[in-house]
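S.K.: Using the working numbering, read the sequence shown as starting at 597 and increasing by one per residue. Glycine residues also receive a C-beta, built at the ideal position from the N, C-alpha and C atoms. Every value quoted in this text rests on a predicted model; they were computed, and no experiment measured them. Quick one: the structure is below, questions incoming.
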Amino acid sequence: MTQSGGVSRSGGTCSRTKLLKFQQVYYVLDPQDRILWIGGEWDEFALANGGSGAGSNRVLATPLARHVAGETTRAALVRMIGAVRDAAAPLRIDYRCDSPKLLRRVQLTIQPMKEDRVLMVHDLRDARAFEEALPPWHAEASAAARKCSFCGAVHLPGRGWTFAEDLGAAHPTAVDYAVCPGCAAQIEEAVASLRQRRAPGTPMTGGFGPGAA
Numbered sequence: 597m598t599q600s601g602g603v604s605r606s607g608g609t610c611s612r613t614k615l616l617k618f619q620q621v622y623y624v625l626d627p628q629d630r631i632l633w634i635g636g637e638w639d640e641f642a643l644a645n646g647g648s649g650a651g652s653n654r655v656l657a658t659p660l661a662r663h664v665a666g667e668t669t670r671a672a673l674v675r676m677i678g679a680v681r682d683a684a685a686p687l688r689i690d691y692r693c694d695s696p697k698l699l700r701r702v703q704l705t706i707q708p709m710k711e712d713r714v715l716m717v718h719d720l721r722d723a724r725a726f727e728e729a730l731p732p733w734h735a736e737a738s739a740a741a742r743k744c745s746f747c748g749a750v751h752l753p754g755r756g757w758t759f760a761e762d763l764g765a766a767h768p769t770a771v772d773y774a775v776c777p778g779c780a781a782q783i784e785e786a787v788a789s790l791r792q793r794r795a796p797g798t799p800m801t802g803g804f805g806p807g808a809a
């Protein structure tokens, strides 16, 4: 079926029989969005995502943008962080951070602090094992396939956006990270509602992506 943002999903390809233990990663950004301090299970989560080069000792005092793949993804984070600073209020939104074996739902909380610092908290809320493990993939800016950084859907040339679990073994090994239309709209609503000091018109948390169960 087709979901919001043109994402196709057939469903039924994930199992809840394997759940991860609770994980939390958090870090503080300075006014220039450099990483000042890291806490939680950063190194464990980085290794689970194949990010052995992103250990906590290597990212301190570096710009957050250096560790975020995809120009539109970086721009979305900048917009959300800027809205939190301007409104002096927190923003919460769910996103997916899958591994080849697990579909994982993470809740991001961006919390304002004194002196224009910002606390970024990533809480692992739920995980489902893929019935069939996906091929490992890596970020490549020149890749023909695009992968949404927020819901994990993949856009292949000549096709719409399709959730990773529906692609299975056909999931591309090289992807250019981007933001799909459904997630872009959700992010814009999160930013607009925060700046206008109102409740979001659509739920920002509690799901695995736009329209996902």
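According to DSSP, GLN703 sits in a beta bridge with which residue or residues?
M.R.: ASP690, ASP719
S.K.: Would you call PRO768 buried or exposed, if buried means 16 or more other Cβ atoms sit within 10 Å of its Cβ?
M.R.: buried
S.K.: Please go through the segment 751–779 and give each complete alpha helix (DSSP H) segment of 4 or more residues, from N-terminal end onward.
M.R.: 760–763
S.K.: Closer than 8 Å is the cut-off here; do at least three beta carbon pairs connect the segment 782–795 with the segment 749–768?
M.R.: The segment 782–795 vs the segment 749–768: no contact.
S.K.: For ALA679 and GLY666, what's the separation of their Cα atoms in angstroms?
M.R.: 20 Å
S.K.: Going by CA-CA distance only, name the one from LEU698, CYS744, ASP712 that's closest to ARG724.
M.R.: LEU698
S.K.: Rounded to the nearest angstrom, how far is the Cβ of THR668 from that of ALA774, given a contact under 8 Å?
M.R.: 5 Å
S.K.: Compare the C-beta of VAL674 against all C-beta atoms of chain B and say whether one is closer than 7 Å.
M.R.: Protein chains in the displayed structure number just one, and chain B is not present.
S.K.: Rounded to the nearest angstrom, what separates PRO799 and ALA765 at their Cα positions?
M.R.: So the two alpha carbons sit approximately 31 Å from each other.
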